[in-house]
Amino acid sequence: MNLPPGLLISAPTSGAGKTTIMLGLLRALCERGLSVQPFKCGPDYIDPAFHLVAAGRPSYNLDTWAMPDVLMQELALNSKGASIILAEGSMGLFDGVTQKGAFGYGSTAEIARFFNWPVILVLDIRGQAQSAAATALGFASYQKNLPFAGVILNRVASPRHEKLTRIGMEKAGIEVLGVLPKRGDLALPERHLGLTQAVEHPDLNKAISGYASFIAENMDINRIIELAQSYAFAKPLHKASTPPPGQHIGLARDEAFSFTYPHLLSHWREQGSQISYFSPLQNEPPNRDADVIWLAGGYPELHAGKLANADKCFAAIRLHAKTRPVHGECGGYMVLGKSLIDKDGIAHDMLGLLGLVTSYEKQKFHLGYRKATVICDTKLFKKNTSWRGHEFHYSQILSQPDEALFKVVDASGEAVQETGSVRGQVTGTFFHLISKAN
125 MNLPPGLLIS APTSGAGKTT IMLGLLRALC ERGLSVQPFK CGPDYIDPAF HLVAAGRPSY
185 NLDTWAMPDV LMQELALNSK GASIILAEGS MGLFDGVTQK GAFGYGSTAE IARFFNWPVI
245 LVLDIRGQAQ SAAATALGFA SYQKNLPFAG VILNRVASPR HEKLTRIGME KAGIEVLGVL
305 PKRGDLALPE RHLGLTQAVE HPDLNKAISG YASFIAENMD INRIIELAQS YAFAKPLHKA
365 STPPPGQHIG LARDEAFSFT YPHLLSHWRE QGSQISYFSP LQNEPPNRDA DVIWLAGGYP
425 ELHAGKLANA DKCFAAIRLH AKTRPVHGEC GGYMVLGKSL IDKDGIAHDM LGLLGLVTSY
485 EKQKFHLGYR KATVICDTKL FKKNTSWRGH EFHYSQILSQ PDEALFKVVD ASGEAVQETG
545 SVRGQVTGTF FHLISKAN
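If you count the sequence shown from 1, you need to add 124 to reach the numbering used here.
As structure tokens, this is what we get:
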């Protein structure tokens with residue numbers, strides 16, 4: 125079984141411009157009549173929604189630390205019917221965790237090697253010229269078994285700047301696949317968790333079309349297509365789907381609740397579960413027939429006042445929780461708690477189904493992979509099962525009085541205080557679930 129030919133867009137560091145280039149290249153390839161399957165390397169929750177707008181196909185995360193090989197292969201099969209695969213890396217190409225998990229270190233390079241996708245390295249060459257070739261050569265030769273296609277020179281100041289940089293690349297034997305002049309408008313708005321959500325962008329489709337035109341004018345797209353490589357499955361796949369939490373899942377979805385991994389929703393549907401959506405921000409109650417309510421992560425801290433007044437929605441969730449499970453992830457966990465304190469120090473009453481109190485008045489950065497082992501048996505999480513996920517938020521825990529749901533460690537095996545909570549039918553975690561570890 126073969127996948128369509130694929131390529132991977134990466135960079136030496138974050139901030140080099142790979143996301144904007146990824147979106148423009150996705151759309152430019154589509155405008156050539158190709159069906160393009162996007163993927164995102166690593167646990168980023170936000171970029172896949174941008175990929176969907178650019179390519180018209182759902183994007184899925186691939187993660188060598190949090191996912192077994194069979195799950196990554198299974199997710200890659202979502203490229204069926206596509207002409208080409210384009211994956212976007214995270215952080216720098218070789219960046220990962222310090223301690224190998226059951227599956228890998230979590231680097232973009234591991235995914236490139238796993239699927240044999242040649243790497244296109246985006247280089248921000250501000251402040252350098254020939255020296256950029258030394259960086260490119262180092263990345264191309266650092267791991268001998270890494271497929272390497274070439275570089276895109278980004279933020280090029282002038283024709284002279286391009287000429288000098290090309291001299292270095294020719295000497296190093298590095299192919300230049302594109303030269304992008306410096307433009308101040310080629311940037312997406314950001315906030316503390318990364319890019320502003322796709323649904324909040326005032327005219328994302330128009331912006332991506334502009335990126336595509338810029339990419340088509342300044343990159344050798346024909347050559348890029350030629351460099352894509354196929355991947356063949358060596359043996360039949362075994363299903364690695366994450367079991368659904370219920371047969372009918374009421375999922376919170378709006379600007380405050382938007383972070384759920386696309387592969388989880390696909391797996392739940394494939395296993396026969398129905399997913400119905402509701403918006404707490406619009407004071408919409410969940411479907412009364414749902415057997416589980418799932419509050420996704422997102423940005424509740426930006427909407428805490430409005431959420432505190434969602435009386436109809438909150439009343440329905442509280443009623444549901446008397447007899448059926450309710451679960452919250454990260455932002456959803458905070459909303460399940462007693463109160464949420466915003467950046468101005470104002471406390472907003474939340475659902476009160478858990479005793480959790482969180483605050484954004486003095487922000488504290490929480491970032492990293494999590495391995496969690498269930499220590500309290502519940503309907504959704506069975507004791508001694510383990511899960512892998514990712515945590516990313518800026519809140520402080522002021523109170524977490526309920527019984528701990530998990531024993532949680534980071535990628536290095538160090539215990540973290542964000543154990544999650546359980547009270548009756550209600551559970552919550554600060555990490556976003558990616559896969560079941562056993």
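Glycine is no exception: its CB is placed at the ideal position from the N, C-alpha and C atoms.
Secondary structure of residue i, DSSP reduced to three states
i: I372; result: It is His, not Ile, that sits at residue 372 in the sequence shown. It is a strand residue.
i: N269; result: coil
i: L210; result: strand
i: S523; result: strand
i: G148; result: helix
i: A264; result: helix
i: N278; result: strand
i: N240; result: coil
i: K495; result: strand
i: R547; result: strand
i: N346; result: helix
i: A226; result: coil
i: A140; result: coil
i: L301; result: strand
i: A471; result: strand
i: L504; result: coil
i: T120; result: In the structure as shown, the chain begins at 125 and stops at 562. Residue 120 is therefore absent and cannot be evaluated.
i: L217; result: coil
i: A257; result: helix
i: S231; result: coil
i: L245; result: strand
First through last residue of the alpha helix (DSSP H) which encompasses residue i
i: V540; result: Note, V540: premise wrong, no alpha helix (DSSP H); not H, not E.
i: V194; result: 193-200
i: V177; result: 171-179
i: N329; result: 328-342
i: R290; result: 283-296
Unbroken beta strand (DSSP E) run spanning residue i, endpoints
i: W164; result: One detail in the question is off: residue 164 reads as Lys in this sequence, not Trp. Segment 160-165, the beta strand (DSSP E) holding K164.
i: Y484; result: No beta strand (DSSP E) contains Y484, which DSSP labels as neither H nor E.
i: K560; result: 556-560
i: K531; result: 530-534
i: N185; result: 184-186
i: G130; result: 130-134
i: I465; result: 463-465
i: W511; result: 510-517
Cβ-Cβ distance between residue i and residue j below 7 Å
i: G302; j: I276; result: yes
i: Q541; j: S483; result: no
i: A233; j: A296; result: no
i: L147; j: I208; result: no
i: S214; j: D248; result: no
i: A336; j: A211; result: no
i: T366; j: K560; result: yes
i: L405; j: A380; result: yes
i: V481; j: K462; result: yes
i: E515; j: F489; result: no
i: A376; j: L419; result: yes
i: C165; j: L131; result: no
i: D473; j: R448; result: no
i: S203; j: P129; result: no
i: Y493; j: G552; result: no
i: A535; j: W511; result: no
i: P182; j: P368; result: no
i: L312; j: N278; result: no
i: L176; j: V160; result: no
Proximity test, residue i beta-carbon vs the ligand ADP heavy atom, cut-off 6 Å
i: L312; result: The ligand ADP is not part of this structure, which contains no ligands at all.
Requested in this report: Could I get the ranges of all uninterrupted beta strand (DSSP E) runs contained in the region 376-459, with 3 residues as the minimum, in chain order?
Outcome: 398-402, 416-419, 450-453
**Report entry** Contact the region 387-401 vs the region 429-440: 3+ CB pairs below 8 Å
**Finding:** no
Query - Sufficient close CB pairs (3 or more, under 8 Å) joining the region 187-206 to the region 141-152 - result: no
Query raised in the report: If you pair each beta-carbon of the region 496-516 with each one of the region 528-543, do three or more pairs fall below 8 Å?
Result: Segments in contact, yes.
Query - At least three beta-carbon pairs within less than 8 Å, the region 337-353 to the region 236-247 - result: Contact holds: three or more Cβ-Cβ distances are below 8 Å.
Query - the region 218-227 contacting the region 197-204, beta-carbon criterion three pairs below 8 Å - result: no
Query raised in the report: Would you call the region 399-414 and the region 368-379 in contact, with 3 or more CB pairs under 8 Å?
Result: yes
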